[in-house]
Amino acid sequence: MISYPHNAGSAMTRVIQGGLDGPVVVLLHGLSARADRWKHNLDALGQAGVRAMAIDLPGHGFASKHEDFDYSAHGYSRWLDQFVQTLGVEKLVLVGTSFGGFVAAHYAADHPERVAGLMAVGAIGLVPAGEARRMKTVQWLGEMQKEQIRSRMYRGVLDPQLISEELVEEDYRINNSAGAAEAFAALARYYRERLDDDAVAARLADAASRFPVSIVWGRDDPSVSPDYGARAHQIIAGSTLTFVDDCGHFPYWERPAEFNALLTNFVKRCI
């Protein structure tokens, strides 16, 4: 893997890349996470003959954290298009988890001609989340102390050994860096006021006849209920729905071998 900064229009990002050549696969992380959440998956994709690029979304990780960025799915989709244009490719495969799956799905609906395939992993926002679910996220976006971060991480996985104190410390430092609080506050407002209005499954259903759509969920996901994936699958005709056993919200991290086989097979199907 290699890592480097990359300027994409209105915001700088960090790229962590597996594979130097071949068709492009872009991977998007979830809220308060960052590109290195995909560290167990990038080399597997590179070995499959593609250029896999995990990126920090604006407001996260080592990307720009501007107060005036549009932290909605539409705003992220516009920025992602700026990033894609810098790559000079005609088509790419998008993989997104949680909020990153929401962003990837919006981009795919906005620009179906540029998408060779979409995999949404435990994605919020495909169907309406409902007020109770949205307000849980609104609350924790304002809670970035170590104990709160640690508690959320433990709730998201079945195997507590995945959560090291080094990981908690790193998340704490990055999510309290300059501009992070303002970005999370903007995201909280978006969740409170507009997230469900932007539910994207119906729009994606119109575009998905042009490329494969894979919906993947941890069977025991405590964060975004597997029912959301089942409902989205019913709306998006032709999509596939796969449940990964014995894991929670992070199948790419909790069950990397199983997930990598699923992911590489999907990418090969798309390219």
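In terms of the UniProt record's numbering, the sequence shown opens at residue 1 and continues consecutively.
Beta carbons: idealized from backbone N, C-alpha and C, even for Gly.
Ranking Glu193, Asp56 and Ala63 by CA distance to the CA of Ala178 puts Ala63 first. Here the stretch 90-110 lies against the stretch 200-209, with 3 or more beta-carbon pairs under 8 Å apart. Taking a cut-off of 8 Å on C-beta distances, the stretch 113-132 does not touch the stretch 45-64, as fewer than three cross pairs fall below it. Apart from the 5 residues on each side of it in sequence, Asp171 sits with its Cβ closer than 6 Å to the Cβ of Ile149 in its chain, given in chain order.
The beta carbon of Trp38 sits closer than 6 Å to those of Leu27 and Ala54, all from its chain and outside the five residues before and after it, given in chain order. The shortest C-alpha to C-alpha distance from Gly100 to any of Val25, Asp159, Ala33 and Glu131 is the one to Ala33.
Short of 7 Å from the beta carbon of Leu241, and not among the five residues preceding or following it, lie these beta carbons of its own chain, in chain order: Ile215, Gly229, Ala230 and His233. As computed with DSSP, Asn7 is found in a beta bridge with Met12. In the three-state DSSP reduction, Ser239 falls in the coil class, being neither helix nor strand. For Cys270, same chain residues with a beta-carbon under 6 Å away, outside a window of 5 residues either side, are Val93, Ala116, Gly117 and Pro212 in chain order.
The continuous beta strand (DSSP E) containing Ile215 extends over residues Val213 to Gly218. With a cutoff of 7 Å on beta-carbon distance, Asp227 and Gly248 are scored as not near each other. Between the alpha carbons of Ala186 and Ser239 lies a gap of roughly 32 Å.
Only buried fits Asn260, as 16 or more other CB atoms lie within 10 angstroms of its CB. Straight-line spacing of the CA atoms in Arg189 and Asp70 works out to 11 Å. Taking the Cα positions, His74 is about 32 Å away from Asp245.
According to DSSP, Ile2 shares a beta bridge with Gln17. Every beta strand (DSSP E) stretch that sits fully inside the stretch 139-223 and reaches 3 residues is listed by chain position as 213-218.
Under the 10 Å beta carbon count, Asp21 is surrounded by fewer than 16 other beta carbons and is classified as exposed. Judged by DSSP in its simplified three-state form, Arg255 adopts coil rather than helix or strand.
If you compare the alpha carbons of Gln47, Arg114, Ala52 and His6 with that of Ala208, the shortest gap goes to Arg114. Excluding its 5 nearest sequence neighbours in each direction, Val95 has C-beta neighbours in its own chain below 6 Å: Leu27 and Met119, listed in chain order. Rounded to whole angstroms, the separation of the alpha carbons of Lys268 and Pro251 is 20 Å. DSSP lists no bridge partner for Arg34. When DSSP reads this structure, Val115 sits in a beta bridge with Leu92.
At the C-beta level, Gly30 and Thr137 stay beyond 7 Å of one another.
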